[in-house]
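S.K.: Numbers -17 to -1, 1 to 110, taken from mature numbering (1 follows the signal peptide of the UniProt record, and there is no 0), label the letters of the sequence shown in order. C-beta atoms are modelled at their ideal positions from N, C-alpha and C, and glycine is treated no differently. These numbers come from a predicted model, not from an experiment. Below: one structure in structure tokens.
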Amino acid sequence: MILKASIFLILAVATFGAILEDSELMKVVENCVKKTNANESEFSSPNFLETTPSQPALCTAKCLLESLEIVNSEGNINMETLKEYAQPFESPAREAVATCGEEIKSVTTCDDMEKYRKCVEPLIKNS
């Protein structure tokens, strides 16, 4: 996957690279991409974070949250886990991830990932 995909997916799940080995992470990402039939080329767009992702891309992000247990089976965001995964980010991004997690509170549908993206994107841009 290319960098833009990683950026969106990492923001969506509040970064998981520091906790999981890269190979573990890539297996989770690949599994979710395959499971949702997401088109990897969508993630390569230079304006990817500034446009509404397709339903499969949103579902991929939701799948990652669930796979990494950031979201439980009821759709509630585990803020401790979210903050743990956000640790490797620089302060403004780390704060945006946590702030938006607290605002969104739950991810029960793929469309909830769009709410999260819309929350995170301006906070990241303005930092």
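1) Does DSSP put E16 in a helix, a strand or coil?
2) Using the beta-carbon count (16 or more within 10 Å), is T19 buried or exposed?
3) Would you call the CB atoms of F82 and L106 closer than 8 angstroms?
4) Assign S56 to one of three DSSP states: helix, strand, or coil.
5) What's the call for D94, buried or exposed, on a 16-neighbour Cβ count within 10 Å?
6) Going straight from the alpha carbon of I60 to that of L51, what length do you get?
7) Among residues of its own chain, excluding the 5 on either side of C15, which ones have a beta-carbon nearer than 6 angstroms to its beta-carbon?
M.R.: Straight from the coordinates:
1) For the purposes of this step, residue 16 is identified with residue 33 of the sequence shown, where counting begins at 1. The identity of residue 16 in the sequence shown is Val, whereas the question assumes Glu. V16 falls in the helix class under three-state DSSP.
2) In the sequence shown, counting from the first residue as 1, residue 19 sits at position 36. With 16 or more other Cβ atoms within 10 Å, it is buried.
3) The count along the sequence shown starts at 1 and reaches residue 82 at position 99. The count along the sequence shown starts at 1 and reaches residue 106 at position 123. Reading the sequence as shown, one finds Thr at residue 82 and not Phe. Yes, Cβ-Cβ distance for T82 and L106 is below 8 angstroms.
4) Locating residue 56 in the sequence shown gives position 73, counting from the first residue. Here S56 sits in coil by DSSP.
5) Counted from its first residue, the sequence shown places residue 94 at position 111. Flag for D94 reads exposed.
6) Walking along the sequence shown from the start, residue 60 turns up at place 77. Walking along the sequence shown from the start, residue 51 turns up at place 68. About 11 angstroms.
7) Within the sequence shown, residue 15 is the residue found at index 32, counting from 1. Excluding residues within five positions, the ones whose Cβ falls inside 6 angstroms are T43, C46, L47.
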